[in-house]
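Enquirer: When the sequence shown is numbered by this note's numbering, its final residue is 268 and no position is left out of the sequence of numbers.
From the three backbone atoms N, C-alpha and C, an ideal C-beta is built for every residue, glycine too.
Predicted model only: the values in this text are computed from it and were never measured.
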Amino acid sequence: MSGLTNDMFRILRDIIHDMTGILYDESKTYLLENRILRRLSDVGLESFDEYLDIIHNLDAHPQEKEAFIDLVTTHETSFFRNAPQLDIFINDALPQILVEAERKGAGEVKIWSAGCSTGEEPYNIAMMMEMSSVVPQNLKVRVLGTDISMLSIKTAKNGLFDSYSLRNAPYEYLHRFFTKVDDKKFMISSSVANSVEFCQLNLLDEEGMCKMSKMDIIVCRNVLIYFDLDVRNKVAKLLHRSLRDGGLLFIGHSESFSDLSEMFTLETRKGIPVYRKKSM
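1. What does the alpha-carbon distance come out to for the pair residue -8 and residue 255?
2. State the beta-bridge partners of residue 165 as determined by DSSP.
3. Could you check what DSSP says for residue 202 in three-state terms: helix, strand or coil?
4. Could you say which of 15, 69, 97 lies nearest to residue 234 if we only look at CA atoms?
5. Once DSSP output is grouped into helix, strand and coil, what is the label at residue 30?
6. Taking Cβ positions, are residue 203 and residue 228 nearer each other than 7 Å?
7. So, helix, strand or coil for residue 137, using DSSP?
8. Mind the definition here: the stretch 144 to 154 touches the stretch 101 to 116 only if three or more C-beta pairs lie below 8 Å; say whether that holds.
9. Once the 5 residues before and after residue 128 are set aside, which same chain residues still bring their CB inside 8 Å of it?
10. Considering Cα atoms alone, identify which of 119, 206, 224, -5 is closest to residue 180.
11. May I ask which residues mark the beginning and end of the beta strand (DSSP E) holding residue 188?
12. Out of 21, 239, -2, 57, point me to the one whose CA is closest to residue 139's CA.
13. Which of helix, strand or coil does DSSP assign to residue 158?
14. Could you check if residue 125 is buried or exposed, using at least 16 other CB atoms within 10 Å of its CB as the buried criterion?
15. Just how far apart, CA to CA, sit residue 242 and residue 210?
16. Output needed for residue 111: all residues of its chain with C-beta closer than 7 Å, excluding positions within five of it in sequence on either side, in chain order.
17. Smallest Cα separation from residue 152: which of 65, 220, 133?
18. Give every residue of the same chain whose Cβ lies closer than 6 Å to the Cβ of residue 10, excluding the five residues on either side of it in the sequence, and list them in chain order.
19. In whole angstroms, give me the CA-to-CA distance for residue 63 and residue 136.
20. In angstroms, rounded to a whole number, what distance separates the CA positions of residue 123 and residue 103?
21. Among 226, 51, 245, 93, whose alpha-carbon lies nearest the alpha-carbon of residue 195?
22. Name, in chain order, the residues that DSSP records as bridge partners for residue 130.
23. When you compare only the Cα positions, how much space is there between residue 114 and residue 131?
24. With burial defined as no fewer than 16 other Cβ atoms inside 10 Å of the residue's Cβ, what is the status of residue 60: buried or exposed?
25. Taking residue 172 as the reference, which of 155, 159, 187, 160 has the closest Cα?
26. If you follow the alpha helix (DSSP H) that residue 293 is part of, which residue opens it and which one closes it?
27. Give the C-beta separation of residue 236 and residue 81 to the nearest angstrom, bearing in mind that I take them to be a contact with Cβ-Cβ under 8 Å.
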């Protein structure tokens, strides 16, 4: 089989960018080629040309559309990833939001994990809340997890995780919230599973994003790094719209909204950047 040509790569790059906002530059040609080669083997195709014919007409192949989106997105995630951010979330940001909610007489606080992949992050948040007992009894906290990949969302809903995903989880969390299924798999507890809602959502889908409104906290970590500047700015504006006034946004430790200071106020908490929504 001949390899992925430059023309084929450019066609795929543009399709991926239009569908997902993800930027594949020329340095990722080999990565994309290997991912598609594995898919060709799965579906019994013998050339990139055959696969391109399908990609050009994905609306007629909904199952392949799901698989393609899953193929071109990155699923690197784990429990307790970047633990210092999570510490600030549970010990600083969330208590502040809860106090504000009680003062305003709100009955509910909404937390959204945007780009949650296979669910580790929103489950992590739910576990920390249960472990810390930080939420007062008179308040309900909804934890929502969304991802562009429907296959990732299905995995998240299953609640079954391998030991590698749990490599950074403290023993007390493993003991309290997981049941060992076999040597490599662990099932999350029903109390945590039932406290998180999942759905598929493309962050570029303005209509879908309209449904994500009046969020108190949005956690969107290690997502924006895959976008170019124009897409990143568009997503930032949609996330801003989804937050309530004064709501908080967490992004990845290597990401920045420094060019969007008119929408967010940067608050550094023990060295951790947290963005607060400004009223527009």
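Expert: Reading from the atomic positions:
1. Taking the sequence shown and counting its residues from 1, one reaches residue -8 at position 4. Taking the sequence shown and counting its residues from 1, one reaches residue 255 at position 267. If you take the alpha carbons of residue -8 and residue 255, they lie about 46 Å apart.
2. For this step, residue 165 is matched to residue 177 along the sequence shown. Answer by DSSP bridge pairing: none, since residue 165 is not bridged.
3. Numbered from its first residue, the sequence shown carries residue 202 at position 214. In the structure shown, residue 202 sits in coil (DSSP, three-state: anything other than H, G, I, E or B).
4. As a position in the sequence shown, residue 234 is number 246, starting the count at 1. When each option's Cα is compared against that of residue 234, the closest is 97.
5. Here residue 30 is taken as the residue at index 42 of the sequence shown, counted from 1. Residue state, collapsed to three classes: helix.
6. To locate residue 203, count along the sequence shown from 1; it is residue 215. To locate residue 228, count along the sequence shown from 1; it is residue 240. Cβ distance not < 7 Å, so residue 203 and residue 228 don't count as in contact.
7. Your numbering for residue 137 matches position 149 in the sequence shown. Note: residue 137 maps to coil in three-state DSSP.
8. Touching, yes, given that three or more Cβ pairs across the two stretches are closer than 8 Å.
9. Start at 1 with the first residue of the sequence shown, and residue 128 comes out as number 140. Cβ within range, chain order: 95, 96, 97.
10. Taking the sequence shown and counting its residues from 1, the one referred to as residue 180 is at position 192. The alpha carbon of residue 180 has as its nearest neighbour, out of 119, 206, 224, -5, the alpha carbon of 119.
11. Your numbering for residue 188 matches position 200 in the sequence shown. Residues 184 to 188.
12. Taking the sequence shown and counting its residues from 1, one reaches residue 139 at position 151. Nearest C-alpha to residue 139: 57.
13. Within the sequence shown, the letter at position 170 stands for residue 158. Three-state result, residue 158: coil.
14. Numbered from its first residue, the sequence shown carries residue 125 at position 137. The residue in question, residue 125, is exposed, as its Cβ has fewer than 16 Cβ neighbours within 10 Å.
15. By 1-based counting over the sequence shown, the position of residue 242 is 254. By 1-based counting over the sequence shown, the position of residue 210 is 222. Computed Cα separation, rounded: 8 Å.
16. By 1-based counting over the sequence shown, the position of residue 111 is 123. Contacts found: 176, 180, 184.
17. Position 164 of the sequence shown, counted from the start, is the residue given in the question as residue 152. With distances taken between Cα atoms, residue 152 lies closest to 65.
18. Along the sequence shown, read from residue 1 onward, the residue named residue 10 stands at position 22. Scanning its chain for C-beta atoms nearer than 6 Å, with the 5 sequence neighbours on each side dropped, one finds around residue 10 the residues 4, 214, in chain order.
19. Reading the sequence shown from its first residue, position 75 is the one you call residue 63. Reading the sequence shown from its first residue, position 148 is the one you call residue 136. Their backbone Cα atoms lie some 11 Å apart in a straight line.
20. Within the sequence shown, numbered from 1, the residue matching residue 123 stands at position 135. Within the sequence shown, numbered from 1, the residue matching residue 103 stands at position 115. Each residue's alpha carbon lies about 24 Å from the other.
21. What you label residue 195 is simply residue 207 of the sequence shown in a count that begins at 1. Checked all of 226, 51, 245, 93; the closest Cα to residue 195 is 226.
22. The residue you call residue 130 lines up with position 142 of the sequence shown. Answer is 98.
23. Position 126 of the sequence shown, counted from the first residue, corresponds to residue 114. Position 143 of the sequence shown, counted from the first residue, corresponds to residue 131. About 7 Å.
24. Locating residue 60 in the sequence shown gives position 72, counting from the first residue. Classification of residue 60: buried, given that the 10 Å Cβ count is 16 or more.
25. By 1-based counting over the sequence shown, the position of residue 172 is 184. The shortest Cα separation from residue 172 among 155, 159, 187, 160 belongs to 155.
26. In the structure displayed, the chain extends from -11 to 268; residue 293 sits before or after that span and is not available.
27. Position 248 of the sequence shown, counted from the first residue, corresponds to residue 236. Position 93 of the sequence shown, counted from the first residue, corresponds to residue 81. For residue 236 against residue 81, the beta-carbon gap comes to about 5 Å, under 8 Å, which counts as contact.
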